[in-house]
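For the record, the sequence lines run as chains A and B.
Reading the first sequence from the start, the letters are residues -3 to 102 in the numbering used here.
Reading the second sequence from the start, the letters are residues 84 to 422 in the numbering used here.
Every residue, glycine too, gets a C-beta built ideally from N, C-alpha and C.
Notes to accompany the following structure.
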Amino acid sequence: MPKITYIEHTGKIHTIDVSNGLTVMEGAVQNDIPGIDADCGGSMACATCHVYVKEEWFDKLKKKEDGEEDMLDMAHKPNKFSRLSCQLIVSDELEGLVVNLPEIQA
Amino acid sequence: MIDTDVLVIGAGPTGLFCVHQLGIIGLKCEVVDNLDKIGGQCIELYPDKPIYDIPAIPECTGEELTNNLIQQIKPFKTNFHLNNRVDEVKKNKNNWIIKTSKGKEFKSPNIIIAGGVGSFEPRKFAVKECEKFEGIGILYSVKDKTIFKDKIISIFGGGDSALDWAIELSTSSKVQLIHRRDEFRGAQSSVNKVKELEKEGKIEILTQYQLNSVEGKNKIENISIKHDDGNIKKIETNYILGFFGLIMKLGPIVNWGLNLDKKHIPVNTENFETNQKGIFAIGDICTYPGKLKLILSGFHEGALAARGCFKYARPNEKLRFEFTTTSKNVQERLGLKND
Chain A
-3 MPKITYIEHT GKIHTIDVSN GLTVMEGAVQ NDIPGIDADC GGSMACATCH VYVKEEWFDK
57 LKKKEDGEED MLDMAHKPNK FSRLSCQLIV SDELEGLVVN LPEIQA
Chain B
84 MIDTDVLVIG AGPTGLFCVH QLGIIGLKCE VVDNLDKIGG QCIELYPDKP IYDIPAIPEC
144 TGEELTNNLI QQIKPFKTNF HLNNRVDEVK KNKNNWIIKT SKGKEFKSPN IIIAGGVGSF
204 EPRKFAVKEC EKFEGIGILY SVKDKTIFKD KIISIFGGGD SALDWAIELS TSSKVQLIHR
264 RDEFRGAQSS VNKVKELEKE GKIEILTQYQ LNSVEGKNKI ENISIKHDDG NIKKIETNYI
324 LGFFGLIMKL GPIVNWGLNL DKKHIPVNTE NFETNQKGIF AIGDICTYPG KLKLILSGFH
384 EGALAARGCF KYARPNEKLR FEFTTTSKNV QERLGLKND
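Quick look at the structure:
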């Protein structure tokens, strides 16, 4: 199981084993990591699972699909490393992925 | 004060089907929703997205599902109180007294909360000092457009609301349209119109900028916006309009004495009652072991919660289980004529 690291806005670090096939959002929600709300349950309709992907990881991720960038318009302080974690599906290639969580989810 | 058997909070698919189930068993209800239209998340978040897991409906959009449910509950002539958020819920003997944000009052032995993930509220600016100017110089919706006449307006956002208001206000105000990236997600025709107006000098478009700070004592004088490359630009502004869509907030529900598990309300799975007698929770907002956030689960939960309301609404009667196919009572409630 790949290890995914979630860093809260306060700096608190959570490193968790997340099964392949789950999303980075589900990994956080199932492990009670604060800072990811995922109000819509992963249908790319709410932008409350917004994360900042560590720069060195950003280009290794699958590109955004149509709609993700639109939703990110509504996120709290998006930047060029912003992604919706419900769209990041965990696989062996993501072993060691690090994401920073925003201060609030809008 | 409106007297009813059940107050349903939330006009999404779960609330709508629950209205049907209440009607079938002969209970009256009133529906309150904070949005300006019926349909909840289905209409607000994904009206055009196809849904594939409604039993016996291979494919439908959120809007079609909503319209079908509205059709299905027509016989019950239910009152909808839209643009109303339930702010206060208080116990009074065997009833609940419910007050909304617009001052409406209800008295009912039952409340069914079908509130999704809470009520929809506008998303706000991340900048701290924005709170101070909210409702004065910073607005998230337009109620009276005459206040913008001959003023300088900074509109933030890239969707239809931002584009439409930029176009509309450009006739009588100086409009600056500011968006975090070069692409706008609104309708192409609106994007084209905005770009035309930019060429004519009627709108200024500033992309890859986000709000950085707001300056002014009692009213806004200047704002600074920050480019992706870090550069900060100061611009004169009288009003700021932010259009970042809506977000769901649990809001006043937290004050009603209900147990909460994160943002959800724990219920029993027999009738979806909460820890408060006569308050039920169904759909996305409720939680119990094995809970699935599916519309079909919400339908099931609503059917049982409706029956759970019966004993409080009709304490001296016994609820008899009846099928729509055969029950004359039920068919009468559905407005069907029996020959």
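Start and end residues, alpha helix (DSSP H) containing residue i
{"i": "B:K394", "result": "378 to 396"}
{"i": "B:S244", "result": "243 to 252"}
{"i": "B:E405", "result": "Per DSSP, B:E405 belongs to no alpha helix (DSSP H) and is neither H nor E."}
{"i": "A:E61", "result": "Taken as a continuous stretch (DSSP letters only), A:E61 belongs to no alpha helix (DSSP H), as it is neither H nor E."}
Residue i, DSSP secondary structure in three states
{"i": "B:T149", "result": "helix"}
{"i": "B:R416", "result": "helix"}
{"i": "B:K276", "result": "helix"}
{"i": "B:T144", "result": "strand"}
{"i": "B:H103", "result": "helix"}
{"i": "B:L289", "result": "strand"}
{"i": "B:D367", "result": "helix"}
{"i": "B:L165", "result": "coil"}
{"i": "B:E353", "result": "coil"}
{"i": "B:P133", "result": "strand"}
{"i": "A:D88", "result": "helix"}
{"i": "B:K336", "result": "In the sequence under discussion, the amino acid at residue 336 of chain B is Ile, which differs from the Lys named in the question. Helix at B:I336."}
Cβ distance (whole Å) where residue i is taken to contact residue j below 8 Å
{"i": "A:M40", "j": "A:E64", "result": "6 Å"}
{"i": "B:F231", "j": "B:S255", "result": "7 Å"}
{"i": "B:L165", "j": "B:D119", "result": "6 Å"}
{"i": "B:Q124", "j": "B:G199", "result": "5 Å"}
{"i": "B:T161", "j": "B:C112", "result": "6 Å"}
{"i": "B:V277", "j": "B:I261", "result": "Their Cβ separation, rounded to whole angstroms, is 12 Å, which puts B:V277 and B:I261 out of contact at 8 Å."}
Below-8 Å beta-carbon distance, residue i vs any chain D residue
{"i": "B:M84", "result": "Of the chains in the structure shown, none is chain D; the protein chains are A and B."}
Residues bridged to residue i (per DSSP)
{"i": "A:W53", "result": "In the DSSP output, where bridge partners are listed per residue, A:W53 has none listed."}
{"i": "B:P205", "result": "B:L329"}
{"i": "B:E112", "result": "Reading off the sequence shown, one finds Cys at residue 112 of chain B, where the question assumed Glu. In DSSP, B:C112 forms a bridge with B:V89."}
{"i": "A:I0", "result": "A:I12"}
{"i": "B:Y322", "result": "B:I236"}
{"i": "A:S78", "result": "A:Y48"}
{"i": "B:C125", "result": "Answer is none; B:C125 lacks a bridge partner."}
{"i": "B:F189", "result": "B:I85, B:I181"}
{"i": "B:V225", "result": "According to DSSP, which records beta bridges pairwise, B:V225 is partnered with nothing at all."}
{"i": "B:D344", "result": "B:H347"}
{"i": "B:K316", "result": "B:I308"}
{"i": "B:E195", "result": "For the record, residue 195 of chain B in the displayed sequence is Ile; it is not Glu. In the DSSP output, where bridge partners are listed per residue, B:I195 has B:V91, B:F363."}
Span of the beta strand (DSSP E) around residue i
{"i": "A:E22", "result": "Taken as a continuous stretch (DSSP letters only), A:E22 belongs to no beta strand (DSSP E), being part of the alpha helix (DSSP H) at 20 to 26."}
{"i": "B:K215", "result": "Segment 213 to 216 is the alpha helix (DSSP H) holding B:K215; no beta strand (DSSP E) there."}
{"i": "B:L260", "result": "257 to 262"}
{"i": "B:L294", "result": "292 to 298"}
{"i": "B:E171", "result": "169 to 175"}
{"i": "A:I100", "result": "First-last for A:I100: undefined, no H or E at that position."}
{"i": "A:S39", "result": "Unbroken run through A:S39: none, as it is neither H nor E."}
{"i": "B:N305", "result": "305 to 310"}
Proximity below 8 Å, CB of residue i to CB of residue j
{"i": "B:L110", "j": "B:F189", "result": "no"}
{"i": "A:D69", "j": "B:R263", "result": "yes"}
{"i": "B:I368", "j": "B:E384", "result": "no"}
{"i": "B:K192", "j": "B:L152", "result": "Reading off the sequence, residue 192 of chain B comes out as Pro, not Lys. No, the Cβ-Cβ distance between B:P192 and B:L152 is not below 8 Å."}
{"i": "B:V102", "j": "B:I156", "result": "yes"}
{"i": "A:P74", "j": "A:H5", "result": "no"}
{"i": "B:K332", "j": "B:E204", "result": "yes"}
{"i": "B:G241", "j": "B:G269", "result": "yes"}
{"i": "B:Q259", "j": "B:S244", "result": "no"}
{"i": "A:V94", "j": "A:T1", "result": "yes"}
{"i": "B:V115", "j": "B:I85", "result": "no"}
Residue i CB to nearest heavy atom of the ligand GTP below 7 Å
{"i": "B:P141", "result": "The model on display carries no ligand, and the ligand GTP is accordingly not part of it."}
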